[in-house]
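For the sequence shown, the numbering used here begins at 2 and goes up steadily by one.
Backbone N, C-alpha and C define an ideal beta-carbon position, used for all residues, glycine too.
Note that the coordinates shown come from a computational prediction; the quantities given were computed from them, not determined experimentally.
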Amino acid sequence: MYKVVVLTDHETATGYRLAGTEVVETTPGAAEQALERLITEGNYGLIAVDQGLIPDPAGSVARVMRGRDLPILLPIPSLADAFSSDTVDAKAYMGKLVRDTIGFDIKL
């Protein structure tokens, strides 16, 4: 049976752990090497990769993924992007992510 893992930074890792997901913490400088290790050594069907660490996960490990069907690499938006100096309204940013993902707005 294949496993799921999230490759993210220290700040975001706790939230994923609280959700019951296996997490591998890394830094931007070591992220690509950590991703390659997960691909080659792990029994993962899905690796979610924080885009704050690796903006294009599939492109950065194309050589390692050559000839492999699994794992699926899922880029996930970085929490840091929602609160960066370029983002004026974090709520609007998160709303856009939801709208882009599911196709409509959810208002509470």
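Query                                                                           : Result
With 16 other Cβ atoms within 10 Å as the buried cut-off, status of ILE107      : exposed
Beta-carbon gap between VAL7 and TYR45 smaller than 7 Å                         : no
Segment limits, beta strand (DSSP E) that includes ALA49                        : 45-51
Rounded distance between the beta-carbons of GLN52 and PRO76, thought under 8 Å : 5 Å
Continuous alpha helix (DSSP H) stretch holding PRO58: start and end            : 58-61
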